[in-house]
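Asker: Handing you this structure, nothing more for now.
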Amino acid sequence: MSAVKQYSINLLAWYDDHRREFEWRDRGMTPYQIWLSEVMLQQTGTKTVTPYYLRFIARFPTVAALAEAEPGEVLKLWAGLGYYARGRNLHRAAEMVMAEFGGEFPDQESLLLRLPGVGTYTAAAIAAIAFDRRAVVVDGNVERILSRYFAVEEFLPQAKPRLRELAEQVTPQLRNGDFAQASFDLGATICRPRNPDCGHCPLRRDCRALAMDAVESFPKKGPKPQRPQRFGTVFWLEDETGNLLLRHRPPQGLLGGMVEIPSSEWQAVRPNGQVVTDEFFYKQLEWQETGITVSHVFTHFALELQVIRAFTAQALVVEPPWFWARREELPHLALPSLFRKVIKQMERF
DNA sequence: TATTCGTGGTT
DNA sequence: TAACCAAGAAT
560 MSAVKQYSIN LLAWYDDHRR EFEWRDRGMT PYQIWLSEVM LQQTGTKTVT
610 PYYLRFIARF PTVAALAEAE PGEVLKLWAG LGYYARGRNL HRAAEMVMAE
660 FGGEFPDQES LLLRLPGVGT YTAAAIAAIA FDRRAVVVDG NVERILSRYF
710 AVEEFLPQAK PRLRELAEQV TPQLRNGDFA QASFDLGATI CRPRNPDCGH
760 CPLRRDCRAL AMDAVESFPK KGPKPQRPQR FGTVFWLEDE TGNLLLRHRP
810 PQGLLGGMVE IPSSEWQAVR PNGQVVTDEF FYKQLEWQET GITVSHVFTH
860 FALELQVIRA FTAQALVVEP PWFWARREEL PHLALPSLFR KVIKQMERF
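Each position in the first sequence, counted from 1, maps to that position plus 559 in this note's numbering.
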């Protein structure tokens with residue numbers, strides 16, 4: 560038997576005994592639930608996703624319920640999960656399912672791909688897992704497993720076309736959802752990026768990287784670009800009752816559509832004194848140093864924010880996108896983790 | 001094709 | 001502990 564044919568046979572047999580349990584797995588999951596979980600799981604760990612998934616299903620049990628929600632409420636529930644374009648696209652996709660697909664998710668990859676936030680991987684995963692359609696599901700796990708199994712010398716991401724070819728060859732005609740999820744489980748528990756557990760791997764007999772005793776050297780990758788450091792100043796403005804001045808961010812770009820504590824621009828150089836943005840009334844206030852610094856790491860840059868504080872009269876009226884928020888409602892706003900860190904530090908202050 | 005887009009877990 | 005990484009998509 561060839562290594563290609565043995566692949567799915569051995570992997571599925573292993574899966575029958577070693578499959579993991581998740582809230583979005585089995586129990587007659589609807590396509591809506593599979594879609595929601597797949598979007599949440601994009602570049603996000605299962606442990607992180609689980610509580611978010613449960614909250615979403617409780618609040619929006621169906622795609623119809625999600626489509627009827629306010630986009631802002633979706634972002635509130637998404638706050639802290641990251642990659643907020645996913646949250647924005649989630650609501651648009653729900654509306655599209657209602658308007659263009661009669662409230663039912665399509666079972667073809669080509670149609671699933673029309674949904675915002677559903678790309679090549681996610682369309683294939685939904686087709687396979689929700690509808691048991693044969694689909695070539697290639698995620699980071701599959702790329703890592705295949706690059707080892709076939710000892711692919713080409714570097715990522717250039718190797719992607721070759722890895723897709725190999726995935727096409729090893730993907731079986733039956734048990735499509737199981738095969739995809741078996742790959743996830745193997746990649747997470749056995750064929751890990753570091754410290755792979757090759758002794759328990761169902762594919763070890765035909766794994767070329769293992770035969771070379773070089774499993775961890777696959778997949779081949781180039782060096783990562785280093786993260787630039789940026790600096791900014793947060794303007795913590797309270798009124799007499801402790802209400803906090805906040806602002807809605809523009810709908811696109813970094814943290815798009817989320818709520819922020821206003822800050823200066825994020826520059827490449829550390830400010831060498833007090834920075835007060837030229838923002839309408841800001842210059843009129845007496846800003847105090849707090850000595851509080853908040854560090855945060857984004858995907859493509861690191862950020863260090865210093866917090867300065869001022870007080871103003873309760874009667875100060877602001878217009879959108881500015882707004883005042885009571886301290887008790889802060890936990891329920893669409894605040895990204897960066898600004899929750901600021902709040903947590905200031906509460907200790 | 002190369003960048004831009006978060007965050008928390010893990011080592 | 002700094003670095004790596006995760007069930008990638010959009011532009």
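For every residue, glycine included, the Cβ atom is placed at its ideal position computed from N, Cα and C.
State the DSSP-derived secondary structure class of Gly850, mapped to helix, strand or coil.
Answerer: Within the first sequence, residue 850 is the residue found at index 291, counting from 1. Reduced to three states, the DSSP call for Gly850 is strand.
Asker: In terms of residues, what are the limits of the alpha helix (DSSP H) holding Leu570?
Answerer: By 1-based counting over the first sequence, the position of residue 570 is 11. Element bounds for Leu570: 562-577.
Asker: Pull the bridge partners of Lys780 from the DSSP assignment, please.
Answerer: Locating residue 780 in the first sequence gives position 221, counting from the first residue. BP columns for Lys780 point to Leu715.
Asker: Would you report the Cα separation of Gly604 and Cys750, rounded to the nearest angstrom?
Answerer: On the first sequence, residue 604 is found 45 positions in, with the first residue counted as 1. On the first sequence, residue 750 is found 191 positions in, with the first residue counted as 1. Their backbone Cα atoms lie some 16 angstroms apart in a straight line.
Asker: The beta strand (DSSP E) spanning Glu863 covers which residue range?
Answerer: Reading the first sequence from its first residue, position 304 is the one you call residue 863. Here the beta strand (DSSP E) through Glu863 covers 861-870.
Asker: I'd like the list of long-range same chain contacts for Arg645, defined as Cβ closer than 6 angstroms, with 5 residues on each side in sequence excluded.
Answerer: Start at 1 with the first residue of the first sequence, and residue 645 comes out as number 86. Cβ neighbours of Arg645 beyond the five flanking positions: Val598, Gly676.
Asker: By the DSSP assignment, the beta strand (DSSP E) with Phe738 in it spans what residues?
Answerer: Along the first sequence, one-based indexing puts residue 738 at 179. Unbroken run through Phe738 is the alpha helix (DSSP H), 735-748; no beta strand (DSSP E).
Asker: Note down, one range per segment and in chain order, each beta strand (DSSP E) of at least 3 residues found wholly within the stretch 789-849.
Answerer: Those beta strand (DSSP E) runs which fall completely within the stretch 789-849 and span 3+ residues are 803-807.
Asker: For Leu814 and Val877, which I take to be in contact (beta-carbon distance under 8 angstroms), what is that distance rounded to the nearest angstrom?
Answerer: Indexing the first sequence from 1 puts residue 814 at position 255. Indexing the first sequence from 1 puts residue 877 at position 318. The pair is not a contact, with the Cβ atoms about 20 angstroms apart (cut-off 8 angstroms).
Asker: Taking the alpha-carbon of Tyr841 as reference, which of Pro879, Thr730, Ser823 has the nearest alpha-carbon?
Answerer: On the first sequence, residue 841 is found 282 positions in, with the first residue counted as 1. Looking at the Cα atoms, Ser823 is the closest of the given residues.
Asker: So, using beta-carbon positions, are Val901 and Val866 closer together than 8 angstroms?
Answerer: Taking the first residue of the first sequence as position 1, residue 901 is located at position 342. Taking the first residue of the first sequence as position 1, residue 866 is located at position 307. Yes, the Cβ-Cβ distance between Val901 and Val866 is below 8 angstroms.
Asker: Within the same chain, show all residues whose beta-carbon is closer than 8 angstroms to that of Cys766, passing over the 5 residues directly before and after it, in chain order.
Answerer: As a first step, residue 766 must be located in the first sequence, where it is residue number 207. For Cys766, where only same-chain residues beyond five positions count, the Cβ hits under 8 angstroms are Arg707, Tyr708, Cys757, Cys760, Val774.
Asker: Is Ile593 closer than 8 angstroms to Ile688 when the C-beta atoms are compared?
Answerer: Here the question's residue 688 lines up with position 129 in the first sequence. Here the question's residue 593 lines up with position 34 in the first sequence. Yes; because the gap between Cβ atoms is below 8 angstroms, this pair is in contact.
Asker: Below 7 angstroms CB to CB, which residues in the same chain sit around Asn569 once its five sequence neighbours on both sides are set aside?
Answerer: One-based indexing of the first sequence puts residue 569 at position 10. Only Pro761, Leu762 meet the Cβ criterion.
Asker: Based on Cα-Cα distance, which residue from Leu600, Ser854, Pro890 lies nearest to Gln740?
Answerer: The residue given as residue 740 occupies position 181 in the first sequence. Taking only the C-alpha atoms, the option nearest Gln740 is Leu600.
Asker: Check each candidate in Arg651, Gln667, Val608 and name the one with the smallest Cα separation from Gly639.
Answerer: What you label residue 639 is simply residue 80 of the first sequence in a count that begins at 1. Here the closest residue by C-alpha is Val608.
Asker: What does the Cβ neighbour count give for Leu864, buried or exposed, with the cut at 16 atoms within 10 Å?
Answerer: Along the first sequence, read from residue 1 onward, the residue named residue 864 stands at position 305. Buried: at least 16 other Cβ atoms inside 10 Å.
Asker: Distance, Cα to Cα, Arg579 vs Pro890?
Answerer: Against the first sequence, residue 579 aligns to sequence position 20. Against the first sequence, residue 890 aligns to sequence position 331. Approximately 32 angstroms between the Cα atoms of the pair.
Asker: Taking C-alpha atoms, which residue in Glu702, Arg764, Val711, Arg734 lies nearest to Pro752?
Answerer: Along the first sequence, one-based indexing puts residue 752 at 193. Closest option to Pro752, Cα to Cα, is Glu702.
Asker: Pick out whichever of Val563, Ala884, Ala652 has its Cα sitting closest to the Cα of Val818.
Answerer: Locating residue 818 in the first sequence gives position 259, counting from the first residue. Looking at the Cα atoms, Ala884 is the closest of the given residues.
Asker: Rounded to the nearest angstrom, what separates Arg651 and Gly661 at their Cα positions?
Answerer: As a first step, residue 651 must be located in the first sequence, where it is residue number 92. As a first step, residue 661 must be located in the first sequence, where it is residue number 102. So the alpha carbons of these two residues sit roughly 15 angstroms apart.
Asker: Can you give the beta carbon distance from Ala726 to Phe777, rounded, assuming they're within the 8 angstroms contact cut?
Answerer: Residue numbering aside, residue 726 sits at position 167 when the first sequence is read from its first letter. Residue numbering aside, residue 777 sits at position 218 when the first sequence is read from its first letter. About 15 angstroms; that fails the 8 angstroms criterion.
Asker: Would you mind stating whether Val729 and Ser567 have Cβ atoms separated by less than 8 angstroms?
Answerer: Looking up residue 729 in the first sequence gives position 170. Looking up residue 567 in the first sequence gives position 8. Yes. Within cutoff.
Asker: In terms of residue numbering, what span does the beta strand (DSSP E) encompassing Ala884 cover?
Answerer: Translated into positions along the first sequence, residue 884 becomes position 325. From DSSP, the beta strand (DSSP E) with Ala884 extends over 881-884.
Asker: Measure the beta-carbon distance from Arg789 to Ala747 and round it to whole angstroms, keeping in mind my assumption that it falls under 8 angstroms.
Answerer: The sequence position of residue 789 within the first sequence is 230, counting from 1. The sequence position of residue 747 within the first sequence is 188, counting from 1. Between Ala747 and Arg789 the Cβ distance is about 33 angstroms, and since that is not below 8 angstroms, they are no contact.
Asker: Of all the alpha helix (DSSP H) runs that stay within the bounds of the stretch 608-672, which reach a length of 4 or more residues?
Answerer: Counting only runs of 4 or more, we get 622-627, 630-637, 644-659, 668-671.
Asker: Suppose you measure from the CA of Met905 to the CA of Arg886; what does that come to, to the nearest Å?
Answerer: On the first sequence, position 346 is the one that residue 905 refers to. On the first sequence, position 327 is the one that residue 886 refers to. In a straight line, the C-alpha of Met905 is about 12 angstroms away from that of Arg886.
Asker: Within 10 angstroms of the Cβ of Glu848, are there 16 or more other Cβ atoms? Answer buried if so, exposed if not.
Answerer: Numbered from 1 along the first sequence, position 289 holds the residue referred to as residue 848. With fewer than 16 Cβ atoms within 10 Å of its Cβ, Glu848 is classed as exposed.
Asker: Bridge partners for Val856 per DSSP, in chain order?
Answerer: Within the first sequence, residue 856 is the residue found at index 297, counting from 1. Beta-bridge pairing links Val856 to Ala861.
Asker: If distances are taken between C-alpha atoms only, which option among Asp575, Glu627, Tyr642 comes closest to Gln811?
Answerer: Residue mapping note: residue 811 aligns to position 252 of the first sequence, counting from 1. If we check each option's Cα against that of Gln811, Tyr642 comes out closest.
Asker: Helix, strand or coil, according to DSSP, for Leu894 in the structure here?
Answerer: Residue mapping note: residue 894 aligns to position 335 of the first sequence, counting from 1. In the structure shown, Leu894 sits in coil (DSSP, three-state: anything other than H, G, I, E or B).
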